[in-house]
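So the number in this note's numbering is just where the residue sits in the sequence shown, counting from 1, plus 1.
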Amino acid sequence: MPDSTPSSRTVLVTGATSGIGYETARQLAERGATVLLHGRTAEEARAAADRLIATAGVDAGRLRTYAADFTHLDEVESMASRVVAEHPHLDVLVNNAGIAAPERHTVTADGNEIALQVNFLSHYLLTCLLESALTTDPGGRVVNVSSSLHRTANIQWNDPNRARRYSRLAAYAQSQLALTVFAADPRVTAVSVHPGICDTALLPLYAHEGVTPAEGAANVVRLCDPAVEIVNGAYYDRAEHVEPASAASEDRTIKRLNKLADLLVGRTG
Numbered sequence: 002m003p004d005s006t007p008s009s010r011t012v013l014v015t016g017a018t019s020g021i022g023y024e025t026a027r028q029l030a031e032r033g034a035t036v037l038l039h040g041r042t043a044e045e046a047r048a049a050a051d052r053l054i055a056t057a058g059v060d061a062g063r064l065r066t067y068a069a070d071f072t073h074l075d076e077v078e079s080m081a082s083r084v085v086a087e088h089p090h091l092d093v094l095v096n097n098a099g100i101a102a103p104e105r106h107t108v109t110a111d112g113n114e115i116a117l118q119v120n121f122l123s124h125y126l127l128t129c130l131l132e133s134a135l136t137t138d139p140g141g142r143v144v145n146v147s148s149s150l151h152r153t154a155n156i157q158w159n160d161p162n163r164a165r166r167y168s169r170l171a172a173y174a175q176s177q178l179a180l181t182v183f184a185a186d187p188r189v190t191a192v193s194v195h196p197g198i199c200d201t202a203l204l205p206l207y208a209h210e211g212v213t214p215a216e217g218a219a220n221v222v223r224l225c226d227p228a229v230e231i232v233n234g235a236y237y238d239r240a241e242h243v244e245p246a247s248a249a250s251e252d253r254t255i256k257r258l259n260k261l262a263d264l265l266v267g268r269t270g
């Protein structure tokens with residue numbers, strides 16, 4: 002039987018330099034996991050690790066840092082290669098990194114609308130590239146940090162980059178719906194979670210006030226626990242298992258999204 006105690010587990014958290022991602026990393030490390038901290042730059046990732054060591058008393062030996070700017074898919078590929086080489090056994094991947102869609106329509110160098118790429122496509126690519134490392138041991142899983150706003154969204158199949166009609170809220174919601182749909186992909190065991198409305202950089206999309214990032218992170222960390230049994234594709238609103246938007250569990254939508262995502266990230270086969 003594989004040892005699934007927290008101290009034996011390795012977890013990669015994207016967007017771990019601030020907000021919910023930082024607090025998720027802190028709570029996991031405090032529980033004894035080895036945490037791979039992803040930041041947009043190596044400097045930001047290292048600063049987050051130093052802060053965890055200095056202010057939270059986390060053992061430096063439990064932290065590793067990785068960098069990739071999710072607006073550049075080649076950086077995601079490079080980071081994935083390094084993770085697989087250094088950690089061929091990965092217990093949990095927390096797809097947390099996210100941005101609010103900007104006021105003006107913005108396209109990355111890869112040709113994708115920026116919120117779609119950062120919030121979904123980069124996580125899709127990263128998850129696919131880490132598939133060989135993601136364990137099939139009991140408790141191994143992917144946790145997608147999604148949003149209740151996925152319920153307001155639709156995926157513009159013929160114009161996913163929303164070049165013809167752009168709204169920042171619609172673009173953000175579309176990225177969250179895509180991430181929620183992706184949790185039902187049968188290739189890996191995954192769930193998605195709305196951690197609650199938290200006082201982070203994304204708060205203006207939701208409300209004027211929210212709970213602390215630590216409170217939101219607790220809902221993510223709970224789903225990383227191997228003792229918490231999950232069903233592939235399940236969606237949680239904080240700690241409650243609820244039904245996602247109907248599109249998130251439709252086989253046709255899941256297959257169509259995978260095909261679109263493969264096209265947009267340049268994967269074939």
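Using N, Cα and C, we set each Cβ at its ideal position, and we do this for glycine too.
If you're wondering where the values come from, they're calculated on a predicted model, not measured in any experiment.
CA-CA distance, G58 and N159?
-> Position 57 of the sequence shown holds residue 58. Position 158 of the sequence shown holds residue 159. Approximately 50 Å between the Cα atoms of the pair.
What did DSSP end up calling R52 once you bin it into helix, strand or coil?
-> Translated into positions along the sequence shown, residue 52 becomes position 51. Note: R52 maps to helix in three-state DSSP.
Per-residue DSSP class, three states only, for N259 = Your numbering for residue 259 matches position 258 in the sequence shown. In this structure, N259 counts as helix in the three-state DSSP scheme.
Determine the closest residue to T137 out of T190, T107, L150 and A49, with distance taken between C-alpha atoms.
-> Walking along the sequence shown from the start, residue 137 turns up at place 136. Comparing Cα-Cα distances from T137 to each of T190, T107, L150 and A49, the minimum goes to T190.
Where R63 falls, given that 16 or more other Cβ within 10 Å makes a residue buried | By 1-based counting over the sequence shown, the position of residue 63 is 62. So R63 ends up on the buried side.
L178 and S123 look like a contact to me (Cβ under 8 Å); what is the Cβ gap, rounded to whole Å?
-> One-based indexing of the sequence shown puts residue 178 at position 177. One-based indexing of the sequence shown puts residue 123 at position 122. The pair is not a contact, with the Cβ atoms about 16 Å apart (cut-off 8 Å).
Look at the alpha carbon of A48 and the alpha carbon of A69, and state the distance between them as a whole number of angstroms.
-> The count along the sequence shown starts at 1 and reaches residue 48 at position 47. The count along the sequence shown starts at 1 and reaches residue 69 at position 68. Approximately 15 Å between the Cα atoms of the pair.
Answer yes or no: do S147 and L180 have a C-beta to C-beta separation smaller than 8 Å?
-> Here residue 147 refers to the residue found at position 146 of the sequence shown. Here residue 180 refers to the residue found at position 179 of the sequence shown. Against a cut-off of 8 Å, the Cβ pair of L180 and S147 comes out as a contact.
Hey, how far is the Cα of R257 from the Cα of N155?
-> In the sequence shown, the residue the question calls residue 257 occupies position 256. In the sequence shown, the residue the question calls residue 155 occupies position 154. If I take the Cα positions, the gap works out to 13 Å.
Is the CB-CB distance between A102 and Y173 below 8 Å?
-> Counting from one through the sequence shown, the residue named residue 102 turns up at place 101. Counting from one through the sequence shown, the residue named residue 173 turns up at place 172. Result yes, Cβ atoms of A102 and Y173 sit closer than 8 Å.
In terms of alpha-carbon separation, which member of S176, S193, P245 and Y207 lies closest to L261?
-> Your numbering for residue 261 matches position 260 in the sequence shown. Considering only alpha carbons, the answer is S176.
From this set, E76, T35, R188 and A215, which residue's C-alpha is nearest C199's C-alpha?
-> Translated into the one-based positions of the sequence shown, residue 199 becomes position 198. Residue A215 is the option with its Cα nearest to C199.
Nearest to E223 (by Cα), restricted to the options A61, T56, A98 and V194 | Start at 1 with the first residue of the sequence shown, and residue 223 comes out as number 222. A small correction: the amino acid at residue 223 is Arg; Glu does not occupy that position in the sequence shown. The option with the nearest alpha carbon to R223 is V194.
For R63, three-class secondary structure by DSSP | On the sequence shown, residue 63 is found 62 positions in, with the first residue counted as 1. R63 falls in the helix class under three-state DSSP.
What distance in whole Å lies between the Cβ atoms of T11 and D92, which are believed to be in contact at a cut-off of 8 Å?
-> For the purposes of this step, residue 92 is identified with residue 91 of the sequence shown, where counting begins at 1. For the purposes of this step, residue 11 is identified with residue 10 of the sequence shown, where counting begins at 1. Right, their Cβ atoms sit about 5 Å apart.
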